[in-house]
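Since the structure comes first, as C-alpha cells, the remarks are kept for the end.
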Amino acid sequence: MNIYSMTLKDLETYFINIGEKKFKAIQVYDWLYKKRVKSFDEMTNVKKTVIDKLKEDYKINKLKILKVQNGKDVHKYLFELHDGNKIEAVLMNHDYGNSLCISTEVGCNMGCAFCESGRLKKIRGLDVYEMVLQVLEVEENINVRVSHVVLMGIGEPFDNYDNVMKFINIINSDYGMAIGSRHITVSTCGIVPKIKEFTKEKLGVNLAISLHAPNDEIRNKIMKINKVYPLKEIMSAVKDYIKETNRKVTFEYIMLKDINDSKNCALELAHLLKGILAYVNLIPYNETSHIEFKKTDKNKIMEFYDILKKNKINVTVRKEFGSEVSAACGQLRSNYEEGNR
Ligand code: SAH
Numbered sequence: 009m010n011i012y013s014m015t016l017k018d019l020e021t022y023f024i025n026i027g028e029k030k031f032k033a034i035q036v037y038d039w040l041y042k043k044r045v046k047s048f049d050e051m052t053n054v055k056k057t058v059i060d061k062l063k064e065d066y067k068i069n070k071l072k073i074l075k076v077q078n079g080k081d082v083h084k085y086l087f088e089l090h091d092g093n094k095i096e097a098v099l100m101n102h103d104y105g106n107s108l109c110i111s112t113e114v115g116c117n118m119g120c121a122f123c124e125s126g127r128l129k130k131i132r133g134l135d136v137y138e139m140v141l142q143v144l145e146v147e148e149n150i151n152v153r154v155s156h157v158v159l160m161g162i163g164e165p166f167d168n169y170d171n172v173m174k175f176i177n178i179i180n181s182d183y184g185m186a187i188g189s190r191h192i193t194v195s196t197c198g199i200v201p202k203i204k205e206f207t208k209e210k211l212g213v214n215l216a217i218s219l220h221a222p223n224d225e226i227r228n229k230i231m232k233i234n235k236v237y238p239l240k241e242i243m244s245a246v247k248d249y250i251k252e253t254n255r256k257v258t259f260e261y262i263m264l265k266d267i268n269d270s271k272n273c274a275l276e277l278a279h280l281l282k283g284i285l286a287y288v289n290l291i292p293y294n295e296t297s298h299i300e301f302k303k304t305d306k307n308k309i310m311e312f313y314d315i316l317k318k319n320k321i322n323v324t325v326r327k328e329f330g331s332e333v334s335a336a337c338g339q340l341r342s343n344y345e346e347g348n349r
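In this note's numbering, the protein residues as written are 9 to 349.
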C-alpha cells in the first residue's frame with residue numbers, strides 16, 4: 009500500500025490499530041501534504057519506532073515523469089506508473105488559478121467515437137495514490153499551487169468510483185492539499201447508477217456531464233454508453249441531483265462538424281435543458297487520429313451559442329488549450345506509443 013492512498017480517517021484507524029494516538033495521522037498528513045517530504049525519515053516529530061512501522065507497512069514512492077510538453081499557459085505531463093503503464097495530466101493556467109486535468113484510469117472502455125483515450129481499452133483503474141501524485145508531482149515540477157482539479161483526463165471517473173471518492177477526500181482535506189470542493193469537478197459520460205450514488209455523497213464538488221448530443225439518435229452514434237443509459241435516464245438522474253444538492257450542473261458539448269452542430273441541434277438542446285439549473289460548455293473539438301471527426305468553424309460555434317443564449321440557456325465557449333501540444337485527451341500517450349517522441 010502506498011501512503012498517498014490513505015485518507016486521514018484511514019490513517020487514524022491505522023494508528024489506533026497499532027496502539028498509537030490518532031493525532032499522529034494529522035502529523036503524517038502535515039509532512040506529506042504541507043511540508044512535502046519524500047521519505048518517512050524526514051518526519052522528525054514522529055518517533056523512531058513509529059517511523060520504522062510506517063516504513064514496514066507503506067511505500068512512499070512517486071510516479072515517474074516521462075515527458076513534459078510546455079505550451080502557452082499549458083503544461084502537459086506523461087507519467088509512467090510502477091507497472092509501466094502511462095497516463096497523462098494537463099495543467100492549464102487560467103486567470104482564476106491553475107487547473108489540473110487528471111487521469112482516472114489506464115485506457116477507457118466507454119468507447120466514445122471521437123475520443124483518443126478510448127483507443128486504448130481499459131487496462132485498470134488508477135489506484136488512489138496514482139491520482140494524488142499527479143497533483144503533487146505537477147506542483148513540484150513547475151513550482152505552482154494547483155487551485156482547481158478536473159477529473160477529465162484519460163478514463164471514466166465513475167468507472168473507478170471508490171478510488172475517485174477517496175482521491176477527492178484526500179485533496180479536499182484541510183490537513184491534506186485543502187483544494188476546496190467548489191474547485192473540484194468530476195466529469196462523466198453518464199453512468200446513471202453512479203450519478204445517483206454520487207448525489208448521496210453530498211461532497212459539494214461540481215458535476216459535469218459529457219452530453220455532446222441533444223437526442224438519442226445522435227448520441228447513440230458517437231457515445232456507445234448512451235445505448236445503456238439513454239438521455240431520458242441521464243436527465244432524470246441529473247434533475248434529482250440538482251434537487252438534492254441545489255448545485256448547478258455543467259453540460260459539456262463538443263462541437264463536431266456536421267454531426268451535432270446544426271441550428272436544429274441547438275434548438276433541441278435548449279429545449280432539453282429548459283428550466284434546469286445548468287450551464288452548457290461548448291468545446292471546440294481537438295482533432296485527433298479519428299479523422300472522421302472535424303472541428304466546427306468558429307462562426308458556426310458562435311451561431312450555436314447565440315441560439316442557446318436567446319433561449320435563456322447559460323452557455324460559455326471553452327477556451328482552447330493545448331492543441332499545439334496535442335492536449336486532447338489521450339493524445340500524448342498515443343503519440344508516444346507510436347514512437348513520436
Ligand atoms: N470519461 C469522462 C471524463 C474524461 S473525458 C467523460 O466522458 O466526461 C473529458 C472530456 O473531454 C469529455 O467531455 C470528453 O468527451 C472530452 N473529449 C474527449 N476527446 C476530446 C477531443 N478530442 N476534443 C475535445 N474534447 C474531448
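Cβ atoms here follow ideal geometry from the backbone N, Cα and C, with glycine treated the same way. Keep in mind that this is a model prediction, so the values were computed, not measured.
- In the displayed model, I192 falls within a strand according to three-state DSSP.
- Proximity of the beta carbon of P201 to ligand 1 is not indicated: no heavy atom of the ligand is located closer than 8 Å.
- The three-state secondary structure of G79, taken from DSSP, is strand.
- Classified as exposed, A186 has fewer than 16 neighbouring CB atoms from the shown chains inside 10 Å of its CB.
- A straight-line Cα-Cα distance of about 6 Å links E164 and T196.
- Taking a cut-off of 8 Å for Cβ pairs, the region 204-222 and the region 250-270 touch, as three or more such pairs fall below it.
- Closest option to K43, judged by alpha-carbon separation, among Y104, M139 and L144: L144.
- If the five residues before and after K271 are omitted, its C-beta is found closer than 8 Å to the C-beta atoms of E311, F312 and I315, all from its own chain and listed in chain order.
- Taking C-beta separations shorter than 8 Å and ignoring five residues to either side along the sequence, the partners of D135 in its chain run N10, S13 and N171, following chain order.
- Looking at the backbone, the Cα of D248 and that of K282 are separated by about 15 Å.
- Separation of the CB atoms of V157 and H191 is rounded to 7 Å, and the pair is thereby assigned contact status at 8 Å.
- For A286, the beta-bridge partners assigned by DSSP are V257.
- Straight across, the Cα-Cα distance linking I162 with N223 is about 25 Å.
- The straight-line gap separating the alpha-carbon atoms of I110 and Y85 is approximately 10 Å.
- The shortest CA-to-CA distance from K251 to any of S155, Y104, L89 and I284 is the one to I284.
- Between V200 and I176, the C-beta gap is not smaller than 9 Å, which leaves the two residues out of contact.
- The DSSP assignment places complete beta strand (DSSP E) segments of no fewer than 3 residues inside the region 200-267 at 214-218 and 257-263, in order along the chain.
- For I176, the distance from the CB to the nearest heavy atom of ligand 1 is not below 8 Å.
- Closest in alpha carbon position to C120, among L277, V325 and N228, is N228.
- Looking at the DSSP output, M100 bridges to V82 and S107.
- One thing to note: V288 has its Cβ within 9 Å of the Cβ of V323.
- In the three-state reduction of the DSSP assignment, E88 falls in the strand class.
- Secondary structure in the region 18-46: the alpha helix (DSSP H) runs of 4 residues or longer, each lying completely within the stretch, are 32-37 in chain order.
- Contact between the region 71-78 and the region 88-95 is present: three or more C-beta pairs spanning the two stretches fall below 8 Å.
- With respect to the 9 Å criterion, Q35 and M51 are classified as neighbours on the basis of their beta carbons.
- When DSSP states are grouped into helix, strand and coil, T52 belongs to the coil group.
- The DSSP-derived three-state label of I68 is coil.
- Beta-bridge analysis with DSSP links G133 to E113.
- At least one heavy atom of ligand 1 lies less than 8 Å from the C-beta of N294.
- In this structure, the alpha-carbon of F166 lies about 23 Å from that of M100.
- Under the three-state reduction of DSSP output, V157 falls in the strand class.
- A straight-line Cα-Cα distance of about 16 Å links V146 and K80.
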